[in-house]
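Worksheet: the structure to be examined is printed underneath.
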Amino acid sequence: MREQTVPVGEAAQPIWTRTFALLSLAQFLSYGHFGMLTPLIPLFVTSLGYDELTVGLVLAGFSITSFGIRPLIGYWTDTWSVRGILGMGGLLLALPTAALAVPQIWVVAAVNAVRGVGWSAFNTGGNTLLAHVAPPARRGEAASYVGLFQSLALSITPPFALWLLEVGGGPDGGYPAVFLVAALAGLMVGALALLLPAGIGIESHSTSIRASSDGGVLARFFDPGVMLASMLLLCMMLASPAVTTFVPLYARTLGVPVASTGWFYLASGLTSLATRAVVGGASDRWGRGPAMAGGLSFALLGTAMLWGASDLGSLVLGGVAFSIGQTLHQPATMALAIDQSNPRRRGAAMASYSLWFQVATGLGSALSGAIASAAGYKAMYAVALLPLIAGLVLVAAKRGALK
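Basically our numbering = 1-based index in the sequence shown + 76.
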């Protein structure tokens, strides 16, 4: 249910509370964990002698478990503890990661699957916490700030991981060192969760259970109010694995040293930070629809540039354009999901919304790997244009609901 009116005083409510600061730091650490492993796992799998299709399947395993458990995680968030779910997510990201030091493909696949459960818990808990603490009139701005910490982590940690891999000497030194640092980041998220207030969302637990019971079994786990935001998120994120995860492998086919792709991630992350500084909270001022349309357009441009890339410079420019697109689009979809969710069941709503992130990244990873293996990376980027075009069509069709 969308909250149609906002009291004038709410526009002045502060965003930067202690709880919001802790949430932002937890986002930095968890996305740092994710950012370190995003370029490393494909390289690790191929170093074991497997092809791009196997890379895509291993990455899809992460998304499958995250997808499968997410509705239950949302229900637990509403009926148990927002803080507990967030902390559990950090621990499940951390504890299995150390096992990646074992150079066996089945270990990599199993660890990635368990990490998917942790990622589901962290994102559901984090998004629900954001929904509870963000002032209604500043939701887009609050989501943009949270995204800033995510972007900062994603700009720093992939090049750091690639550097650590290089100086560590490959599988005998570099990979285990990266996996250890990523595990420590997850452990710190678990520790930060203990500093959060214990009662966040607890006032809605009894009404959540009652409302869920009234709506039947499905109502306990899904919120149909967030479907539009979810579909728009899906359109953006289907293209994302091709643009982010497969860049080091794509660069290798272009004759670009893998270590140099750290510049791609650094430029993309810094662009995201700069964009948030200039247009943070754009959807609060412009409207959700215009912000999403702008984001999808930039992402389309960036993907097209990667399709035609021939050297490191063109890779970096494509990443910059795609980063601008994601920075405009994702805070707007998050704010729309909160706007249109049931306030008594934020956990189920945020799980329903973020579930489609995993659908998109899992399906996108598997499809990207399969297309790259069968037809090459140029074909992979050409196909990645299609969901972005579909997103623009959906924004145009639903513009009345996206003001």
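In this text, a Cβ means the ideal position worked out from N, Cα and C, and glycines have one as well.
Exercise for review: Tell me the start and end of each unbroken alpha helix (DSSP H) in the segment 399 to 459 that is at least 4 residues and wholly inside, in chain order.
Suggested key: Those alpha helix (DSSP H) runs which fall completely within the segment 399 to 459 and span 4+ residues are 422 to 451.
Check your understanding: For Gly395 versus Ala343, is the C-beta distance shorter than 7 Å?
Key -> Looking up residue 395 in the sequence shown gives position 319. Looking up residue 343 in the sequence shown gives position 267. It is a contact, given that the beta carbons lie within the stated cut-off.
Exercise for review: For Cys311, I'd like the list of residues in its chain whose CB is within less than 6 Å of its CB, leaving aside the five on either flank, ordered along the chain.
Suggested key: The residue given as residue 311 occupies position 235 in the sequence shown. Shown here for Cys311: same chain residues with a beta carbon closer than 6 Å to its own, the five before and five after excluded, namely Pro463, Ala466, Gly467 in chain order.
Practice item. Measuring alpha carbon to alpha carbon, tell me which of Asn188, Leu133, Ser100 ends up nearest Ser142. Key: Taking the first residue of the sequence shown as position 1, residue 142 is located at position 66. For the residues Asn188, Leu133, Ser100, the minimum Cα distance to Ser142 belongs to Asn188.
Review point. Near Leu271, what residues of its chain come up, given a Cβ to Cβ distance below 8 Å and the 5 sequence neighbours on each side ignored?
Key: Reading the sequence shown from its first residue, position 195 is the one you call residue 271. Within the same chain, Leu271 has close Cβ partners Leu98.
Review point. By DSSP, does Tyr126 sit in helix, in strand, or in coil?
Key: One-based indexing of the sequence shown puts residue 126 at position 50. Residue state, collapsed to three classes: coil.
Review point. Are there 16 or more other CB atoms within 10 angstroms of the CB of Gly438, so buried, or fewer, so exposed?
Key: Taking the sequence shown and counting its residues from 1, one reaches residue 438 at position 362. Under this definition Gly438 is a buried residue.
Point to revise | Own chain residues within Cβ distance below 6 Å of Ala455, not counting five before or after | key: Stepping through the sequence shown from its first residue, residue 455 is reached at position 379. Closer than 6 Å at the Cβ level, and outside the excluded window around Ala455, lie Ile447.
Point to revise | C-alpha distance - Ser288 paired with Leu443, whole-angstrom precision | key: On the sequence shown, position 212 is the one that residue 288 refers to. On the sequence shown, position 367 is the one that residue 443 refers to. With a pLDDT of 49 at Ser288, under the threshold of 50, the predicted position of this residue should be treated as unreliable, and no value is reported.
Review point. Quick one: is Ala318 near chain B, going by C-beta distance under 7 Å?
Key: Absence of chain B from the displayed structure is noted, only one protein chain being present.
Point to revise | Whole beta strand (DSSP E) elements within the segment 187 to 233, 3-residue minimum | key: none
Review point. Pairing CB atoms from the segment 232 to 245 with CB atoms from the segment 123 to 130, are three or more of them under 8 Å?
Key: no
Practice item. Can you tell me which of the three DSSP states Trp362 falls into? Key: To locate residue 362, count along the sequence shown from 1; it is residue 286. Trp362 falls in the helix class under three-state DSSP.
Practice item. Go ahead and pull the three-state DSSP assignment for Thr114. Key: Locating residue 114 in the sequence shown gives position 38, where the first residue counts as 1. Thr114 falls in the helix class under three-state DSSP.
Point to revise | C-alpha gap between Ile161 and Leu168, whole angstroms | key: Residue mapping note: residue 161 aligns to position 85 of the sequence shown, counting from 1. Residue mapping note: residue 168 aligns to position 92 of the sequence shown, counting from 1. Computed Cα separation, rounded: 10 Å.
Check your understanding: Under a Cβ-count criterion, where at least 16 other Cβ atoms within 10 Å of its own Cβ denotes burial, should Gln180 be classed as buried or exposed?
Key -> The count along the sequence shown starts at 1 and reaches residue 180 at position 104. Burial call: exposed.
Check your understanding: Just curious, the alpha helix (DSSP H) that Leu349 is in, first and last residue?
Key -> Locating residue 349 in the sequence shown gives position 273, where the first residue counts as 1. It spans 338 to 355 - the alpha helix (DSSP H) in which Leu349 sits, taken as one unbroken run.
**Study point:** Rounded straight-line distance, which links the Cα of Asp360 to that of Gly440
**Key:** Within the sequence shown, numbered from 1, the residue matching residue 440 stands at position 364. Within the sequence shown, numbered from 1, the residue matching residue 360 stands at position 284. Here the C-alpha atom of Gly440 lies approximately 30 Å from the C-alpha atom of Asp360.
Review point. Looking at the structure shown, is Gln180 part of a helix, part of a strand, or coil, going by DSSP?
Key: By one-based count along the sequence shown, residue 180 stands at place 104. The DSSP-derived three-state label of Gln180 is coil.
Practice item. Hey, could you find the ends of the alpha helix (DSSP H) Arg328 is sitting in? Key: Start at 1 with the first residue of the sequence shown, and residue 328 comes out as number 252. Looking at the DSSP string, the run of the alpha helix (DSSP H) that includes Arg328 is 323 to 329.
Review point. Which word fits Pro274, buried or exposed, when buried means at least 16 other C-beta atoms lie within 10 angstroms of its C-beta?
Key: Walking along the sequence shown from the start, residue 274 turns up at place 198. It should be noted that the sequence gives Ala, not Pro, for residue 274. Exposed, by the Cβ-count rule.
Practice item. Would you kindly report the start and end of the unbroken alpha helix (DSSP H) that includes Arg159? Key: As a working note, residue 159 is residue 83 in the sequence shown. Arg159 -> alpha helix (DSSP H) spans 158 to 170.
**Study point:** Cα-Cα separation, Gly223 to Leu349
**Key:** As a first step, residue 223 must be located in the sequence shown, where it is residue number 147. As a first step, residue 349 must be located in the sequence shown, where it is residue number 273. Their backbone Cα atoms lie some 9 Å apart in a straight line.
Review point. Relative to the alpha-carbon of Thr351, which residue among Val334, Leu404, Val332 has its alpha-carbon at the smallest distance?
Key: In the sequence shown, residue 351 corresponds to position 275, counting from 1. Closest option to Thr351, Cα to Cα, is Leu404.
Exercise for review: Could you tell me whether the segment 359 to 379 touches the segment 315 to 330, where touching means 3 or more Cβ pairs closer than 8 Å?
Suggested key: yes
Review point. Hey, Ser482 and Gln434: beta-carbon distance below 7 Å or not?
Key: Any question about residue 482 goes unanswered here, given that the chain covers just 77 to 479.
Review point. Are there 16 or more other CB atoms within 10 angstroms of the CB of Ser386, so buried, or fewer, so exposed?
Key: Translated into the one-based positions of the sequence shown, residue 386 becomes position 310. Counting Cβ neighbours within 10 Å, Ser386 comes out exposed, since fewer than 16 surround it.
Point to revise | Buried or exposed by the 16-neighbour rule on C-beta atoms within 10 Å, applied to Ala477 | key: Mapped onto the sequence shown, residue 477 falls at position 401. Exposed, since its Cβ has fewer than 16 Cβ neighbours within 10 Å.
Check your understanding: If you run the structure through DSSP and keep just helix, strand and coil, what is Trp92?
Key -> By 1-based counting over the sequence shown, the position of residue 92 is 16. Correct three-state label for Trp92: coil.
Review point. So what does DSSP say about Thr320, is it helix, strand or coil?
Key: On the sequence shown, position 244 is the one that residue 320 refers to. Note: Thr320 maps to coil in three-state DSSP.
Exercise for review: Can you give me the start and stop residues for the alpha helix (DSSP H) that Phe298 sits inside?
Suggested key: Numbered from its first residue, the sequence shown carries residue 298 at position 222. From DSSP, Phe298 is part of no alpha helix (DSSP H); its letter is neither H nor E.
Exercise for review: Would you mind working out which of Met368, Leu176, Leu461, Gly357 sits nearest Ala213, comparing C-alpha positions?
Suggested key: Taking the sequence shown and counting its residues from 1, one reaches residue 213 at position 137. For the residues Met368, Leu176, Leu461, Gly357, the minimum Cα distance to Ala213 belongs to Gly357.
Practice item. Determine the burial state of Thr93: buried for a count of at least 16 other Cβ atoms within 10 Å of its Cβ, exposed for fewer. Key: The sequence position of residue 93 within the sequence shown is 17, counting from 1. Under this definition Thr93 is an exposed residue.
Practice item. Whole angstroms is fine: what's the gap from Ser284's alpha carbon to Thr153's? Key: Your numbering for residue 284 matches position 208 in the sequence shown. Your numbering for residue 153 matches position 77 in the sequence shown. Reliability fails at Ser284, whose pLDDT of 49 lies under 50, so the model's placement of it is uncertain and the value that follows must be treated cautiously. The alpha-carbon atoms of Ser284 and Thr153 are separated by roughly 10 Å.
Exercise for review: Apply the 10 Å Cβ neighbour rule to Leu113 and answer buried if 16 or more other Cβ atoms are within range, or exposed otherwise.
Suggested key: As a first step, residue 113 must be located in the sequence shown, where it is residue number 37. It is buried - the Cβ of Leu113 has at least 16 other Cβ atoms within 10 Å.
Exercise for review: Could you pull out every residue in the same chain whose Cβ sits closer than 6 Å to the Cβ of Val193, ignoring the five residues on either side in sequence?
Suggested key: The residue given as residue 193 occupies position 117 in the sequence shown. Closer than 6 Å at the Cβ level, and outside the excluded window around Val193, lie Thr141, Ile145, Leu168.
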